[in-house]
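Single-structure report; data block below.
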Amino acid sequence: MTEYLHYIGYGLVTIGVIFDFFGALALVRLPDVYNRILGATKCVTMGTSSIMLGIFVINGFNVLGIKALLCIFFLMLTSPVSGQVLSRAAHIAGVKTWDKTVCDHYDDDRKSGKIK
Amino acid sequence: MKILRWIIGFIVFVSIAVWLGISDISMFYKWFYILLLACFMVLFRILRGRTPADRAVGVDILGIMVIGFSGILALTTQKDIYLDIAIAWALQAFIATLALAKYLEGRSFDD
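And the structure:
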């Protein structure tokens, strides 16, 4: 039974490392800041959290596993907030969107005075 | 010129993938090499990024890569002190990102 759990854990860590790599690839290749934030936040929620989940599956309920679960909790708590705050700050700082962007509702709402 | 850049990137990535596939080093080293490659790509974005927001996103994601490194180190050496480093680094990177975002908005820090 524990051998199968080891295989599942190593598979989860491999998936996490590959997702981290694709998040970095999105950070290099995508055209503007907002797309890059969208691609880079995936590298947190699926990449590093999957590495930590693999550590939990391999080790079980000992010190390493509990600390890995705690690290997943803090990552899930902080990372979407930081992505949203960064994109809002970039919009307020006046970073232009890509020239093929279809619509920008936040810009419309700010110009019409609906939100600050 | 664009096709030439695509071909060079394709050759580099395929050669790295083939080398990782056929070499008989340990699995931990393969994870380390892939994460190092990802870190260099994020460093490229930090160095070149056209706007300050690009650099802020790059610094945030580099912190996440460091958390992944310390997780793999904890799995390799079976010591839990690396996961302590990971938890502390996650909280510290969050506060640093909030400070960078506040600086980008043009507000002062005691606002």
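Taken in order, these protein sequences are the chains called C and F.
So in this note's numbering the end of the first sequence lands on 1135, straight run, no missing numbers.
So in this note's numbering the end of the second sequence lands on 123, straight run, no missing numbers.
Idealized CB from N, CA, C, for every residue including glycine.
All figures in this text were calculated on a predicted structure; none of them were measured in a lab.
Determine, using beta carbons only, whether residue i and residue j come nearer to each other than 8 Å.
| i | j | result |
| --- | --- | --- |
| serine 1106(C) | valine 1063(C) | no |
| glutamate 117(F) | isoleucine 1037(C) | no |
| phenylalanine 1093(C) | leucine 103(F) | yes |
| phenylalanine 81(F) | leucine 55(F) | no |
| threonine 1067(C) | glycine 1102(C) | no |
| leucine 110(F) | valine 1121(C) | no |
| methionine 1108(C) | alanine 105(F) | Sequence check: residue 1108(C) is alanine here, not methionine. In this structure, alanine 105(F) does not lie closer than 8 Å to alanine 1108(C) by Cβ. |
| threonine 88(F) | phenylalanine 52(F) | no |
Kindly list the residues whose CB is nearer than 6 Å to the CB of residue i, restricted to its own chain and excluding five residues on each side of it in sequence; keep chain order.
| i | result |
| --- | --- |
| glycine 1073(C) | Gly1028, Leu1031 and Val1032 |
| valine 1114(C) | Val1052 |
| glycine 1132(C) | none |
| isoleucine 1091(C) | Ser1068 and Met1071 |
| valine 24(F) | none |
| tryptophan 1117(C) | Pro1050 and Asp1051 |
Pop quiz: residue i and residue j are said to be a contact at Cβ under 8 Å. What is the actual Cβ separation, rounded to whole angstroms?
| i | j | result |
| --- | --- | --- |
| isoleucine 1134(C) | aspartate 1128(C) | 5 Å |
| isoleucine 1070(C) | isoleucine 37(F) | Isoleucine 1070(C) to isoleucine 37(F), Cβ: 19 Å. No contact. |
| valine 69(F) | arginine 1055(C) | 6 Å |
| tyrosine 45(F) | leucine 59(F) | Between leucine 59(F) and tyrosine 45(F) the Cβ distance is about 21 Å, and since that is not below 8 Å, they are no contact. |
Roughly how many whole angstroms lie between the Cα atoms of residue i and residue j?
| i | j | result |
| --- | --- | --- |
| proline 1050(C) | valine 71(F) | 18 Å |
| isoleucine 28(F) | leucine 49(F) | 10 Å |
| glycine 1058(C) | phenylalanine 1080(C) | 32 Å |
| arginine 119(F) | aspartate 1123(C) | 24 Å |
| methionine 1065(C) | isoleucine 1034(C) | 8 Å |
| serine 35(F) | lysine 42(F) | 9 Å |
| arginine 66(F) | arginine 57(F) | Before going on, a small fix: residue 66(F) reads as aspartate here, not arginine. Computed Cα separation, rounded: 7 Å. |
| glycine 61(F) | tyrosine 1023(C) | 44 Å |
| leucine 1096(C) | alanine 108(F) | 15 Å |
| glycine 21(F) | aspartate 1039(C) | 18 Å |
| isoleucine 19(F) | lysine 1119(C) | 25 Å |
Grab me the residues of residue i's own chain with a C-beta within less than 8 Å of its C-beta, minus the 5 sequence neighbours each way, in chain order.
| i | result |
| --- | --- |
| histidine 1025(C) | Ile1077 |
Among the residues of its own chain, which have a CB less than 7 Å from the CB of residue i, if the five just before and after it don't count?
| i | result |
| --- | --- |
| alanine 86(F) | Asp92, Tyr94 and Leu95 |
| isoleucine 73(F) | Val54 |
| valine 30(F) | none |
- Message: With three or more beta-carbon pairs closer than 8 Å as the criterion, would you say the segment 64–81 of chain F touches the segment 1027–1045 of chain C?
- Response: yes
- Message: Does the contact criterion of 3 or more C-beta pairs under 8 Å hold for the segment 1081–1095 of chain C versus the segment 83–100 of chain F?
- Response: yes
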